[in-house]
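Using the numbering used here, read the sequence shown as starting at 416 and increasing by one per residue.
Ideal Cβ placement from N, Cα and C applies to all residues, glycine included.
Being a predicted model, the structure only gives us computed values, none of them experimental.
Following: one structure in structure tokens, then a few remarks.
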Amino acid sequence: MANPFQEQLLKAGLVDEKRVKKVRHDEARKRKGKAGQQAAPPRTRH
């Protein structure tokens with residue numbers, strides 16, 4: 416299912432198909448919780 420707003424931007428020539436695919440990919444990663452996760456810093460003993 417496509418986002419109607421993305422489709423309008425694509426038809427108007429304001430974005431290209433490559434950009435639309437990247438945004439869809441990034442949104443899917445965000446929904447799955449994989450974006451922005453980093454390893455915890457190593458613990459140090461005092």
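- Comparing C-alpha distances from K436 to each of A427, K447, G448 and N418 shows the shortest one belongs to N418.
- For R434, the secondary structure class from DSSP, reduced to helix, strand or coil, is helix.
- DSSP places L424 in the helix class (H, G or I) of the three-state scheme.
- When secondary structure is reduced to three states using DSSP, R460 falls in the coil class, being assigned neither helix nor strand.
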